[in-house]
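2 protein chains.
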Amino acid sequence: MADNRGISAALVRLSFLVQRLYAQVCGRHDLSPAQAQLMCVIKDQPRGMTELTHMLGLERPGLTGLVDRIERRGLLRRETTRHDRRAVMVALTPRGKEITEAFFAEVTDNLQRVVAHLPADDQRQFEDTAFSIILTEHVPAIFGDPEAPAADPTRQESQ
Amino acid sequence: MADNRGISAALVRLSFLVQRLYAQVCGRHDLSPAQAQLMCVIKDQPRGMTELTHMLGLERPGLTGLVDRIERRGLLRRETTRHDRRAVMVALTPRGKEITEAFFAEVTDNLQRVVAHLPADDQRQFEDTAFSIILTEHVPAIFGDPEAPAADPTRQESQ
DNA sequence: TATTGTTATACTCTATAACTATA
DNA sequence: TATAGTTATAGAGTATAACAATA
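Chains as they are written, first to last, in full-length UniProt numbering: chain U, 1 to 159; chain W, 1 to 159.
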């Protein structure tokens, strides 16, 4: 009875595996998962607080605290804008960027190991299906692929 | 350049999607993700604290607190054993079981919706690949499929 | 002595409500 | 008035260290 109820359990358990592995790598870099996630999001470009709020699915105050803690460790900076003096752009410091690149590479490496036992065809097909889901569901680019220009749901060109 | 770096991002973002959806359903049932996860693990059978610690990847004190909070809400009970008076078995109360079943069904339903747009063949193949990964990596059955007898890493038959 | 849990403590994460400054 | 962020507050989650009871 291989009905498709199994696909839900597969997704939940796969997610559990990824989270666990992600957290392990975080530990090695002395980051919390939330910190690492934010840092990956701004890895290749600074972002505004509100935009980050949407990408990470957090409320404003939660993000403020998260940014505070990372900033306190010298891994990112808050920069101000000339157009809107209320707005804040969050950018990695050189040291933050360094750590993020290393973290990113290690997660990537670990996840590749996890699928390494699969035939190349299966890997390709799995990736295609996963991306089909991700795109359909508009999952934000929280694990930075530099290629993707960043979809910002906030987009509303000034005013 | 569709190199296989993409599969890591796919896994991380897919995991993010699942977590987000999981958290949303949690909210509707007034549960935290950690609480729901524990409840799903003991949905079909009571478990010992140490065993839960392994399945959920928590330290003992964290689990104690988690169990405390769920117990305080009347959704589970700590039961004692006759063999070992130190040991505690954690079991759902009828009300806890009710809530867990509803939660479980809703998550399952939501995740099925997420893959509904895919051809049946792709769904099957995706599920197969996911399970291949899960089994290879020994991911615990944290989203209870009653069929699976529960792999307990603690297993050491009294001695 | 080793194991099962718990208590004490500390920090991160995150939400809601209320506030400040700017638009 | 609406928007961008922050501050205040509270509770959940989780780790480490120290402790209690039982094996």
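Ideal Cβ positions, reconstructed from N, Cα and C, are used throughout, including at glycine. Predicted model only: the values in this text are computed from it and were never measured.
Check: Where does Ser158 of chain U sit, in a helix, a strand or coil, going by DSSP?
Finding: Residue 158 of chain U sits at position 158 when you count from the first residue of the first sequence. In this prediction, Ser158 of chain U scores a pLDDT of 32, lower than 50, which makes its location untrustworthy; the coordinate-derived value is nonetheless stated afterwards. DSSP places Ser158 of chain U in coil when its eight states are reduced to three.
Notebook entry, point to check: Considering only the beta carbon of each residue, do Val12 of chain U and Phe16 of chain W sit closer than 8 Å?
Noted result: The sequence position of residue 12 of chain U within the first sequence is 12, counting from 1. The sequence position of residue 16 of chain W within the second sequence is 16, counting from 1. Between Val12 of chain U and Phe16 of chain W, the C-beta gap is not smaller than 8 Å, which leaves the two residues out of contact.
Margin query: Among the candidates W:Met49, W:Leu111, W:Val115, W:Val41, whose CA atom is the shortest distance from the CA of Lys97 of chain W?
Written below: By one-based count along the second sequence, residue 97 of chain W stands at place 97. That would be W:Val41, whose Cα lies nearest to the Cα of Lys97 of chain W.
Next item on the list: Give a yes or no on whether 8 Å exceeds the smallest Cβ distance from Ser32 of chain W to chain U.
Entry: Stepping through the second sequence from its first residue, residue 32 of chain W is reached at position 32. Judged by the 8 Å Cβ criterion, Ser32 of chain W is not in contact with chain U.
Check: In whole angstroms, what separates the C-alpha of Phe126 of chain U from that of Ala116 of chain W?
Finding: For the purposes of this step, residue 126 of chain U is taken as the residue at position 126 of the first sequence. For the purposes of this step, residue 116 of chain W is taken as the residue at position 116 of the second sequence. Between Phe126 of chain U and Ala116 of chain W, the C-alpha separation is close to 16 Å.
Checklist line | Amino acids of chain U, ordered along the chain, whose beta-carbon sits closer than 7 Å to that of His117 of chain W | finding: Residue 117 of chain W sits at position 117 when you count from the first residue of the second sequence. Under the 7 Å cutoff, chain U gives Thr136.
Check: In chain order, what residues of the same chain have a beta carbon less than 6 Å from the beta carbon of Pro140 of chain W, not counting five sequence neighbours either side?
Finding: Stepping through the second sequence from its first residue, residue 140 of chain W is reached at position 140. So the list reads Met55, once near-sequence residues are dropped.
Next item on the list: Have a look at Pro33 of chain U and Leu66 of chain U and give me their C-alpha separation to the nearest angstrom.
Entry: The sequence position of residue 33 of chain U within the first sequence is 33, counting from 1. The sequence position of residue 66 of chain U within the first sequence is 66, counting from 1. Rounded to whole angstroms, Pro33 of chain U to Leu66 of chain U spans 11 Å at the Cα level.
Item checked: Those runs of the alpha helix (DSSP H) which lie wholly inside the stretch 42-88 of chain U and span at least 4 residues -> 49-56, 60-72
Next item on the list: Let me know if Asp135 of chain U comes out buried or exposed under the rule of 16 or more other beta-carbons within 10 Å of its beta-carbon.
Entry: Taking the first residue of the first sequence as 1, we reach residue 135 of chain U at position 135. Checking the sequence, you will find Leu at residue 135 of chain U rather than Asp. Result: exposed.
Next item on the list: Just mark Glu51 of chain U as buried or exposed, buried being the case when its beta carbon has 16 or more other beta carbons within 10 Å.
Entry: Translated into positions along the first sequence, residue 51 of chain U becomes position 51. With 16 or more other Cβ atoms within 10 Å, it is buried.
Check: For Ala91 of chain U, which three-state DSSP category applies?
Finding: In the first sequence, the residue the question calls residue 91 of chain U occupies position 91. Correct three-state label for Ala91 of chain U: strand.
Checklist line | First through last residue of the alpha helix (DSSP H) which encompasses Ile134 of chain U | finding: Within the first sequence, residue 134 of chain U is the residue found at index 134, counting from 1. Counting along the chain, the alpha helix (DSSP H) containing Ile134 of chain U begins and ends at 120-136.
Notebook entry, point to check: Going by other Cβ atoms of all chains shown within 10 Å of its Cβ, with 16 needed for buried, is Thr81 of chain U buried or exposed?
Noted result: Position 81 of the first sequence, counting from 1, holds the residue named residue 81 of chain U. Looking at its Cβ environment, which holds fewer than 16 other Cβ atoms inside 10 Å, Thr81 of chain U is exposed.
Check: Cβ atoms of Arg20 of chain U and Arg57 of chain W: under 8 Å apart, would you say?
Finding: Here residue 57 of chain W refers to the residue found at position 57 when the second sequence is read from its first residue. Here residue 20 of chain U refers to the residue found at position 20 when the first sequence is read from its first residue. For the sequence presented, residue 57 of chain W should be read as Gly rather than Arg. Yes, the Cβ-Cβ distance between Gly57 of chain W and Arg20 of chain U is below 8 Å.
Note to self: Beta-carbon within less than 7 Å of Pro46 of chain U's beta-carbon, same chain only, minus the 5 sequence neighbours each way: which residues are those?
What the structure shows: For this step, residue 46 of chain U is matched to residue 46 along the first sequence. So the list reads Glu79, Met89, Val90, Ala91, once near-sequence residues are dropped.
Checklist line | Contacts that Gly57 of chain W makes with chain U (C-beta to C-beta distance below 7 Å) | finding: Against the second sequence, residue 57 of chain W aligns to sequence position 57. What Gly57 of chain W touches in chain U: Arg20.
Check: From Gln112 of chain W to Ala23 of chain U, what does the alpha carbon distance come to, in whole angstroms?
Finding: Within the second sequence, numbered from 1, the residue matching residue 112 of chain W stands at position 112. Within the first sequence, numbered from 1, the residue matching residue 23 of chain U stands at position 23. The alpha-carbon atoms of Gln112 of chain W and Ala23 of chain U are separated by roughly 27 Å.
Checklist line | Opening and closing residue of the alpha helix (DSSP H) in which Val12 of chain W lies | finding: The count along the second sequence starts at 1 and reaches residue 12 of chain W at position 12. First-last of the alpha helix (DSSP H) with Val12 of chain W: 6-28.
Check: Closer than 8 Å, CB to CB, is Val41 of chain W near chain U or not?
Finding: The residue given as residue 41 of chain W occupies position 41 in the second sequence. Taking Cβ atoms only, chain U never reaches closer than 8 Å to Val41 of chain W, which makes this a no.
Notebook entry, point to check: Arg108 of chain U CB to nearest chain W CB: under 8 Å?
Noted result: Taking the first sequence and counting its residues from 1, one reaches residue 108 of chain U at position 108. The question names Arg, but residue 108 of chain U in the sequence shown is Thr. Interface residue (Cβ-Cβ distance to chain W less than 8 Å): Thr108 of chain U is classified as such.
Notebook entry, point to check: Where Glu101 of chain U and Thr129 of chain U are concerned, what is the direct C-alpha to C-alpha distance, given to the nearest angstrom?
Noted result: Here residue 101 of chain U refers to the residue found at position 101 when the first sequence is read from its first residue. Here residue 129 of chain U refers to the residue found at position 129 when the first sequence is read from its first residue. Between Glu101 of chain U and Thr129 of chain U, the C-alpha separation is close to 27 Å.
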